[in-house]
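Going line by line, the protein sequences match chains A and B.
Numbering of the first sequence is given in UniProt numbering, commencing with residue 1 and proceeding in unit increments.
Numbering of the second sequence is given in UniProt numbering, commencing with residue 1 and proceeding in unit increments.
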Amino acid sequence: MQDRVLTLLEPRDFDLGPKPAGDGPYKHWKLTRDVDNVAWAVVDKAGASANTLDDAVLVELDQILDRLEADRPAGLVIRSAKASGFIAGADVSQFRGATDVSEVEQRMARAHAITDRLEAVTFPTVAVIHGYALGGGLEVALACHSRIAVEGAKFGFPEVQLGLHPGLGGTARFTRLIDPLQAMQFMLTGKSIPARKAKALGLIDVIVPERHVRAAVRAAVKGELKHDQPSILDRLKDSGPARRIAARRMREEAAKQAPGEHYPAPGALIDLWERHGGDFEAMKAAEIGSFARLMVSQTAQNLIRVFFLREKLKGLAGGKSAIKRVHVIGAGAMGGDIAAWCAWSGLTVTLTDVKAEPIGGAIKRAAALYGKIGRDDRLKVRDALDRLIPDLKGQGARLADLVIEAAPEKVDLKKSLYAKLETVMKPGAILATNTSSIPLETLREGLQRPERLVGLHFFNPVSRMQLVEVVRHDGLDAEVETAARAFTGAIDRLPAPAKSAPGFIVNRALTPYLAEALVMLDEGVSKETIDKAAEDFGMPMGPIELADQVGLDICLAVADMLKRELGWAIPDTPQWLRDKVEQKKLGKKTGEGLYVWKEGEPVKAHDAPKPDPDMADRLILPLVNTAAALLGEGVSEDPDVVDAAMIFGAGFAPFRGGPLHYARRRGVSEVKARLEELAGKYGERFKPAAGWSKLEG
Amino acid sequence: MSRPVYVVDGARTPFLKARKGPGPFTPVDLAVQCGRPLLLRQPFAPDAFDQVILGCVNVIADEQNPARVAALRLGCGPEMTAFTVAINCGSGMQSIDTAFRYIREGSSDLILAGGAEALSHAPLVLRQSAVEWLSAFQGAKSPLDKAKAAAAFRPDMLQPVIGLERGLTDPITDLGMGQTAEVLAHYFNISREAADAYAVESHKRLARAQAEGWLAGEVEPAFARDGTVYDHDDGVRPDSSVEKLSTLKPAFERPFGKVTPGNSSQITDGASWVILASEEAVKKHGLTPRAVILDSEWAALDPSIMGLGPVLSSSALLKRAGLSLGEVDLWELNEAFAAQVLACLAAWEDEAFGREILGLSGAAGTIDRERLNVDGGAVSLGHPVGASGNRIVLHLITALERLDLKRGIATECIGGGQGGAMLIERV
């Protein structure tokens with residue numbers, strides 16, 4: 001609840017220097033001077049909610065420098081007018097589809113010239129940073145003489161997640177400014193750096209609350225801000241022999257995180273530093289070529305695609321969500337974690353169950369999760385726990401804007417819950433089900449307001465899996481669907497719209513992949529070999545490990561449901577799997593499934609034979625084929641949504657750009673031919689789906 | 001202006017016996033734990049209150065003015081005024097009394113009034129000698145001075161003073177609360193056996209109320225961060241017996257004292273809220289009044305006999321209402337000590353006390369034990385000092401409803417030599 005006095009006063013907090021007289025000559029910047037003759041260059045990219053760097057923004061910065069050199073100020077402040085933060089990085093859309101290395105190089109050289117010029121000006125320059133300063137944004141800040149962080153600011157070089165490394169002089173400036181090993185670490189992992197850590201690293205000079213920005217700027221311009229001088233030890237780390245030793249260690253570590261043949265950026269960055277570290281100009285110059293070569297790689301282009309897939313789903317989430325109160329029914333693994341995530345996201349949540357103990361368990365998991373993700377912020381943890389309200393009597397249903405049912409998968413139980421809910425829910429409230437196996441058409445029968453029932457299918461673990469399938473049936477009110485999508489956006493999840501159909505998108509496409517793995521197991525292939533085949537393709541974990549992680553009981557239930565509902569040609573579930581489920585050997589959660597699990601990790605044999613060349617296709621192509629089938633059946637109309645769902649809901653190798661994108665790149669006809677070939681060899685289940693026609697031509 | 005004041009609802013946490021170390025909840029945590037389910041079941045939003053008043057004696061440093069902290073954490077909104085009241089063991093009733101007066105005089109319509117206490121969080125206090133040493137050490141400028149100051153340290157300075165122990169000692173007379181009960185036991189000739197028998201009955205009554213579900217709705221489960229669900233008053237000992245209690249040693253005055261841990265109230269954490277409403281608020285929000293508060297009274301006497309506070313405050317209430325002891329259907333008389341409760345009953349039966357002190361023609365009369373603390377009390381439930389006064393009012397309503405009776409008095413003795421009493425009737 002926001003106080004009205006604070007609502008009035010809060011906007012006065014933001015200090016963007018003197019108020020500009022008019023629009024000024026720039027489209028994306030405002031340039032003013034304060035009483036101390038300090039120039040304030042405030043970036044406010046037109047038509048965007050966050051600042052990103054593109055040619056236009058940089059060219060205008062260049063023009064601003066022209067003007068300031070003609071009429072020297074006492075100093076220059078660069079800051080952002082956007083509430084969201086400083087500059088969120090380069091506008092990667094500029095580089096989509098880039099294939100020509102020299103073209104990228106030329107563009108980067110022009111950009112380098114501008115940041116080099118910024119660094120070289122002879123009056124003091126100060127970056128004032130609130131919110132996020134990422135990638136190219138941080139590189140602009142690094143070209144300033146001092147950096148003032150407003151409390152809560154966060155920094156980072158996330159380029160590696162796009163298959164890149166910093167390209168606007170960041171590799172050279174960051175390793176020059178702070179301990180080069182730390183700098184490399186942050187560029188290699190893409191981890192975000194909170195303000196306090198940034199101060200400790202020497203990346204920024206001071207952290208102030210917004211109300212002290214002006215005073216801090218004055219101090220910076222007068223040279224009164226203390227810079228941490230790079231230590232001699234840091235410089236030693238940047239010397240040749242030290243770099244060679246460190247680089248070897250970094251390569252080993254990087255290989256553990258992601259194979260170099262799929263993710264070339266870390267290797268390129270390590271090479272760049274090993275060769276040129278300690279020689280600022282050389283490193284800066286070499287960065288351009290290295291960056292350009294990465295930019296045109298398949299990996300980077302596919303990861304940029306994934307970036308835009310995410311943006312696309314965010315766009316599907318649409319605008320502001322009106323949902324403030326959520327009532328969750330069922331405090332089991334899914335319900336409890338959905339409730340916890342909603343409360344963390346600022347919503348007031350009532351969590352109900354027939355017994356108190358599962359609610360206690362959910363509170364415990366929530367407290368542990370909050371402790372991890374909100375480490376520095378005990379107030380935020382307290383407030384989130386206060387908002388997560390145990391509600392044994394189900395009082396919250398009456399007050400909720402959204403009720404999420406996550407009860408056991410029993411039709412009668414759910415229906416009787418709905419009947420009671422409909423009598424107490426607010427007329428405008430939405431009823432959502434997290435069911436993964438019961439058709440919405442069944443659940444809506446007998447409802448007074450079937451048009452307000454929608455599927456919200458979350459993935460486990462809720463706090464880490466970004467996808468939520470927003471499932472519609474043919475009687476769904478369009479406004480309810482819009483509101484449900486907006487809700488996923490409000491809790492920082494990505495909506496994948498799907499038509500009600502068995503398994504929706506993710507489970508449907510994953511099942512033949514898991515089923516094929518079981519067939520291979522039955523054929524005598526070792527589980528480690530099967531998993532390796534999938535991992536070599538780029539999956540974050542193999543299908544056997546995944547089945548254990550999801551739970552064999554759940555896999556079995558989904559497979560049975562799909563077979564029953566679709567009469568589908570997936571292989572029969574082997575009896576031994578049913579026996580395992582019977583014996584409660586369910587996977588990770590019981591300590592044993594297909595693997596034995598120790599401390600959350602499967603125990604794997606290291607002497608398993610290498611996978612043969614057929615194996616990856618046998619595993620992956622049924623998944624790809626099903627993804628195509630989903631298009632054919634209209635479960636989703638958009639191949640991008642299917643790709644995004646598989647990446648964000650199932651971890652499908654991101655650098656492949658999604659299963660359908662992978663098929664397109666490999667060639668649809670080639671994939672179909674390969675499926676025919678596999679069908680001949682292994683059975684009808686490999687027959688190409690009807691949906692391929694949607695991807696041809 | 002004198003308007004009727006209704007109690008429309010209330011809820012409390014289970015009272016949790018202090019065991020090793022601080023319990024899972026601070027005072028405000030406790031207030032939030034029972035406040036959330038209480039507010040959830042109201043037809044109005046949490047920001048509809050005019051104010052929030054909370055009794056709390058041992059406020060922890062992180063929660064100054066716990067009433068305000070609780071109001072904000074309960075979602076009552078930034079514009080909710082809230083203040084904390086303290087009159088030691090009567091604080092939870094003082095909050096109700098204060099709310100009662102605001103509503104009666106017409107300046108408020110809807111008030112959340114509670115009490116919260118986490119005695120297990122009582123701080124360890126540094127000894128005065130340690131404080132003096134620390135300030136000398138910190139004041140020392142040169143390394144030599146520092147070394148000199150450091151040398152003055154003596155290990156026994158580290159022996160902490162337990163804040164709770166000091167808190168339960170009357171500052172004027174330096175008598176522990178248990179000693180004041182010894183004083184009363186002596187004056188009114190209360191035997192160890194009678195006190196133990198009273199304590200056993202308290203446990204039996206609470207155990208029965210728990211088993212029968214008579215506390216449902218009044219007690220709301222509390223959920224700790226470690227996943228533990230606290231769903232009942234856990235100090236209860238259903239298997240308590242006079243034989244067992246007779247083996248305990250006196251807690252305060254060895255070897256001859258009569259007051260033992262077994263016949264004293266327990267050191268406990270807990271919180272309780274009630275919602276008070278005017279006629280207008282009842283109409284506006286469609287509330288159902290459960291009881292009307294008719295009157296309240298505070299009285300004081302020498303701190304060494306503080307346990308008689310209920311006799312003075314209740315008798316004054318009765319006099320004003322023109323009622324006799326027997327015309328009150330149910331009594332909640334806070335069980336600070338079994339001997340102290342029995343001393344109150346004895347005082348009412350005492351001819352001289354009735355004449356000289358209460359201004360009656362003779363003894364005030366006898367309170368039927370079947371009408372007194374019918375579902376147990378602080379001996380079995382525990383006595384989180386700031387919360388108890390609130391709980392006895394709330395439970396008095398619960399018990400009147402269950403037994404379908406009309407009139408009741410909730411009253412408590414107050415460390416420092418006071419007593420508080422409140423007269424209510426079911427609506």
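Every residue gets a Cβ at the ideal spot worked out from N, C-alpha and C, and that includes glycine.
If you're wondering where the values come from, they're calculated on a predicted model, not measured in any experiment.
- Leaving aside the five residues that flank A/K532 on each side, the residues in its chain whose CB is nearer than 6 Å to its CB run, in chain order, P611.
- C-alpha of A/K222 to C-alpha of B/N58: approximately 51 Å in a straight line.
- Distance check between A/P427 and each of A/K414, A/L402, A/L417 places A/L402 closest, using alpha-carbon atoms only.
- Under the Cβ criterion of 8 Å, A/L313 is not counted among the residues facing chain B.
- Here B/I111 carries a strand assignment [DSSP, helix/strand/coil].
- Relative to B/S240, the option among B/I87, B/R205, B/E280, B/G10 whose CA is nearest is B/R205.
- Along the UniProt domain "Thiolase C-terminal" (288–426) of chain B, the beta strand (DSSP E) occurs as fully enclosed runs of 3 or more residues at 291–300, 330–333, 407–414, 418–426, listed in sequence order.
- Taking 8 Å as the cut-off, the Cβ atoms of B/G386 and B/K17 do not count as close.
- The three-state reading of DSSP puts B/E253 in coil, since its state is none of H, G, I, E or B.
- A/V596 sits in a strand when the DSSP states are folded into three classes.
- Chain-ordered listing is empty here: chain B has no CB closer than 8 Å to the CB of A/P264, the nearest sitting near 44 Å.
- Annotation: Cβ neighbours of A/G360 in chain B (cutoff 7 Å, chain order): F223, G227, T228, V229.
- Going by DSSP, B/I53 is part of the beta strand (DSSP E) stretching over 51–55.
- Here the alpha carbon of B/C76 sits roughly 30 Å from the alpha carbon of B/E297.
- With a minimum length of 3 residues, the unbroken runs of beta strand (DSSP E) contained wholly in the stretch 4–32 of chain B fall at 5–12.
- A direct Cα-Cα distance of roughly 20 Å separates A/D607 from A/A255.
- Residues of the UniProt domain "Thiolase C-terminal" (288–426) of chain B whose Cβ lies closer than 7 Å to any Cβ of chain A: none.
- For the pair B/K258 and B/P250, the CB atoms are nearer than the 8 Å cut-off.
- Per DSSP, reduced to three states, the secondary structure at A/I363 is helical.
- Note that the stretch 105–118 of chain A does not touch the stretch 202–214 of chain A; fewer than 3 beta-carbon pairs, one per stretch, sit closer than 8 Å.
- For B/H203, the enclosing alpha helix (DSSP H) starts and ends at 192–212.
- Counting along the chain, the unbroken beta strand (DSSP E) around A/H327 starts and ends at 325–329.
- Bridge partners of B/S278 according to DSSP: B/V5.
- Between the alpha carbons of B/K283 and B/V8 lies a distance of about 12 Å.
- Under the three-state reduction of DSSP output, B/T228 falls in the coil class, being neither helix nor strand.
- Chain B has no Cβ within less than 8 Å of the Cβ of A/E139.
- Using a CB distance cut-off of 8 Å, B/R36 counts as an interface residue toward chain A.
- In chain order, D62, L65 place their CB closer than 8 Å to the CB of A/R117, counting only its own chain and leaving out the 5 sequence neighbours on each side.
- Between the C-alpha atoms of A/L177 and A/M425 there is a straight-line separation of about 58 Å.
- Bounds of any beta strand (DSSP E) do not take in B/S129; it lies within the alpha helix (DSSP H) bounded by 128–139.
- For A/L369, not one C-beta of chain B is nearer than 8 Å to its own C-beta.
- Excluding sequence positions up to five before and after A/D234, its CB lies within less than 6 Å of the CB of D179, all in the same chain and listed in chain order.
- For A/Y132, there is no enclosing alpha helix (DSSP H); the enclosing beta strand (DSSP E) has its first and last residue at 132–134.
- Of the candidates A/D522, A/M520, A/L467, A/V506, A/L467 places its Cα closest to the Cα of A/P495.
- Taking 9 Å as the upper bound on Cβ-Cβ separation, chain B lies near no residue of the stretch 601–616 of chain A.
- For B/C89, the three-state secondary structure derived from DSSP is strand.
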